[in-house]
Amino acid sequence: MKNSKKSVSADTPLTVPRIAVRNITRRYYRSIGLSGVVALLAFVLIGGSLLAFSLLNGTRSTAARLGADALIVPYGYENKVESALLRGEPSAFYIEPETVPRLLNVDGIEKASPQLFIASFDSEHCDQLVQFIGFDPATDFVITPWMSGEFGGDIPAGQIVIGDSIIGRPGQELTFFSRKYIVAAKLERTGMGFDTSVFTDMDTARVALKDYANLGGENVPDGDGVISSIAVDVRSDFDLNDFARSINLGLRDSGVSVVLTQAMLGNVSRNLNGLLTLISILIALLWILTVGVLAVLFGVSVNERKREFGVYRALGATRSKLTRIVLTECIFVSLAGAVVGTIVVCVGYFSFSTLIGLNASIPYLRPSLSTLVSLIAAGFALSLATGPLAALYSAVKIGKTAAYALTREGD
1201 MKNSKKSVSA DTPLTVPRIA VRNITRRYYR SIGLSGVVAL LAFVLIGGSL
1251 LAFSLLNGTR STAARLGADA LIVPYGYENK VESALLRGEP SAFYIEPETV
1301 PRLLNVDGIE KASPQLFIAS FDSEHCDQLV QFIGFDPATD FVITPWMSGE
1351 FGGDIPAGQI VIGDSIIGRP GQELTFFSRK YIVAAKLERT GMGFDTSVFT
1401 DMDTARVALK DYANLGGENV PDGDGVISSI AVDVRSDFDL NDFARSINLG
1451 LRDSGVSVVL TQAMLGNVSR NLNGLLTLIS ILIALLWILT VGVLAVLFGV
1501 SVNERKREFG VYRALGATRS KLTRIVLTEC IFVSLAGAVV GTIVVCVGYF
1551 SFSTLIGLNA SIPYLRPSLS TLVSLIAAGF ALSLATGPLA ALYSAVKIGK
1601 TAAYALTREG D
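For the numbering used here, count along the sequence shown from 1 and bump the result up by 1200.
Put into C-alpha cells, the structure is as follows:
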C-alpha cells in the first residue's frame, strides 16, 4: 500500500504552480511577512480611495441640495448655519419678526423662503439630540424638491420627516420638547447635516418653538413670525457679491448677514482638495516604498536560494521556468495579501461608514455600488501587481544565471 502511494506521488507532475506552492509553504513565516506587507498596501490603497470618493460624493450631494444662492441669517451666526447644514450640529438662532418683511422685499430677490431652526435638548424632554427644521412648503425651493423625490408627498400637520441617521421608522412616535410626533417618512442618506435633522412644516415648527421656549430655550424673540433664516434665489441680473454687500451694509441695523452658499461650499471644497491631495501623496509614497521593500526582500530571498535554483537547472529546468517559478510564488503571496487587505478594509468601511460620516468635519456620502466595486477592484489589482513587479528583476536575473555558477555559489 505504501509503495502504491509513492508511485502515485512520483507520477504527479511538478508543475510551476505546484512547485511555487511547496516553496511558499516551506518558508511559512517569510511568506506571511511578505503577504502582510501587500495586505497593508491594499488596506491603504482601497481605504484611502473609498474615503476620498465618499468625501467628494458628499460635497457634490451638498452642492446639489443647497439650491439657494444665499442664506440671510442673524449677524454673528454665519458659522452656526454652516455647521447646521453641513454637519448637522444642532443650533438655534432667530431673526426678529418685525425684520422679516423688510428682508423679503429686498431688491434683487427672485425667490425667498423662511426656515426655522430649533436645537433639541439632550434631556428627557427629547428622544434624540437633533436639528429641528421648519420650512414653508408654499414658498420653499430648497428642501421640498429633493424631499418630495424621496418622500413623495407633503408632510401632514403635526408630523415629521427624519434624516437617515436618526433612530426611528415611519409610523413610530418620537418625542421632542415633551411633545410626541409621528414619523411620516425617513429620508435616504445625503451626507450632510440633513441626515441628523428633523423636518416639518412651519406651523408645526412654531408649536415646537413655543415648547422649546417654555422648557427653557434661550434667545427666542417674542411674537409670531419668528424665523431663523431666509433661503434666497437672486435675480440673474444681480451679482451675488453685490447683493450680499447691499444687505450687509444697507440692513446693518436689522442685525442680519448674508451667507453665500457658493462661498460656503468653496471653503469645503478647498479643505477637501487639500485632504485629497494629501491622501494621494501618501498613497503614492506608500506604493513606491512597498515596491522598494518587496524588491529588497525578494532579492535577498532569491540570493539565498541560488543553490536550490542550481539544482532545478541541473535537473533540466529552463531559465524561463526558473523565472516563472519565482514570479508565481510572488503572485500567490501577493494574492493572499491583497485578499486579506481587501476583506479587512471592506469590513471596516461598511461597518463604520455611518460613524465616519457623523464625525467627519465635511460632508461624507458613500458612493454608488458600481463606484465602490470599481474602486475596490482597482485597489486590489494594483496591490496584486505590486509583488510580481517588485520581484521581476530578481526573477529575470536568476533565470539568466548559469547552473554552474549557481551551484558553486551555494557551496
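All C-beta atoms in this analysis are idealised placements derived from N, C-alpha and C, irrespective of residue type, glycine included.
Residue i: first and last residue of the uninterrupted alpha helix (DSSP H) it sits in
| i | result |
| --- | --- |
| Pro1301 | Val1300 to Leu1304 |
| Gly1371 | That residue, Gly1371, is in no alpha helix (DSSP H); it is neither H nor E in DSSP. |
| Ile1295 | Looking at the DSSP string, Ile1295 is not in any alpha helix (DSSP H), and its letter there is neither H nor E. |
| Ile1224 | Val1216 to Arg1226 |
| Arg1379 | It is not in any alpha helix (DSSP H) - Arg1379 instead sits in the beta strand (DSSP E) that spans Arg1379 to Lys1386. |
| Val1281 | Glu1278 to Arg1287 |
Proximity of residue i and residue j at Cβ, strictly below 7 Å
| i | j | result |
| --- | --- | --- |
| Leu1527 | Pro1588 | yes |
| Val1361 | Ala1385 | yes |
| Ser1457 | Phe1293 | no |
| Ser1313 | Asp1336 | yes |
| Gln1331 | Pro1290 | yes |
| Gly1288 | Thr1396 | yes |
| Leu1476 | Ala1242 | no |
| Ala1495 | Ala1590 | yes |
| Ala1405 | Gly1308 | no |
| Leu1295 | Tyr1412 | In the sequence as displayed, the identity of residue 1295 is Ile instead of Leu. Not in contact: Ile1295 and Tyr1412 (Cβ atoms no closer than 7 Å). |
| Gly1271 | Ala1431 | The question names Gly, but residue 1271 in the sequence shown is Leu. Cβ atoms of Leu1271 and Ala1431: closer than 7 Å. |
| Leu1250 | Leu1575 | yes |
| Asp1354 | Leu1387 | no |
| Ile1224 | Phe1532 | yes |
| Leu1442 | Asp1269 | It should be noted that the sequence gives Asp, not Leu, for residue 1442. Contact: no. |
| Val1216 | Arg1524 | yes |
| Val1540 | Ala1357 | no |
| Phe1377 | Leu1415 | yes |
Contact set for residue i: own chain, Cβ-Cβ below 8 Å, skip 5 residues either direction
| i | result |
| --- | --- |
| Leu1515 | none |
| Gly1548 | Gly1247 |
Integer-rounded CB distance, given that residue j should sit under 8 Å from residue i
| i | j | result |
| --- | --- | --- |
| Gly1678 | Ala1284 | This structure does not reach residue 1678, given that the chain is present from 1201 up to 1611, and the question cannot be answered. |
| Arg1302 | Ser1454 | 6 Å |
| Ser1583 | Ser1534 | 7 Å |
| Ala1536 | Ser1235 | 5 Å |
| Gln1359 | Ile1343 | The Cβ separation is near 15 Å, so there is no contact. |
| Leu1460 | Leu1440 | 6 Å |
Residue i - containing beta strand (DSSP E), residue span
| i | result |
| --- | --- |
| Val1398 | Ser1397 to Asp1401 |
| Leu1271 | Ala1270 to Pro1274 |
| Gly1450 | Looking at the DSSP string, Gly1450 is not in any beta strand (DSSP E); the run it does join, the alpha helix (DSSP H), is Leu1440 to Gly1450. |
| Ile1309 | Ile1309 to Ala1319 |
| Ala1431 | Ser1429 to Val1434 |
| Ser1457 | Val1456 to Leu1460 |
| Phe1341 | Here Phe1341 belongs to no beta strand (DSSP E), and DSSP marks it neither H nor E. |
| Val1361 | Gln1359 to Ile1362 |
Close Cβ partners of residue i (< 7 Å) along its chain, the five nearest in sequence each way excluded
| i | result |
| --- | --- |
| Gly1197 | The first residue shown for the chain is 1201 and the last is 1611, placing residue 1197 beyond what the model contains. |
| Ser1594 | Phe1498, Gly1499, Val1502 and Val1526 |
| Val1493 | Val1237 |
| Gly1417 | Ala1292 |
| Thr1571 | Phe1253 |
| Phe1438 | Gly1308 |
| Lys1205 | Here Lys1205 scores only 44 on pLDDT, less than 50, and its place in the model is too uncertain to base an answer on. |
| Ser1209 | Any reading at Ser1209 must be qualified, since the residue scores a pLDDT of 47, below 50, and its modelled position is unreliable; the value itself is stated next. Cβ neighbours of Ser1209 beyond the five flanking positions: none. |
| Pro1421 | Tyr1294, Glu1296 and Pro1297 |
Neighbourhood of residue i by C-beta, 6 Å cutoff - its chain only, sequence neighbours within 5 removed
| i | result |
| --- | --- |
| Leu1304 | Ala1312 |
| Gly1557 | Tyr1564 |
| Pro1567 | Phe1253 and Asn1257 |
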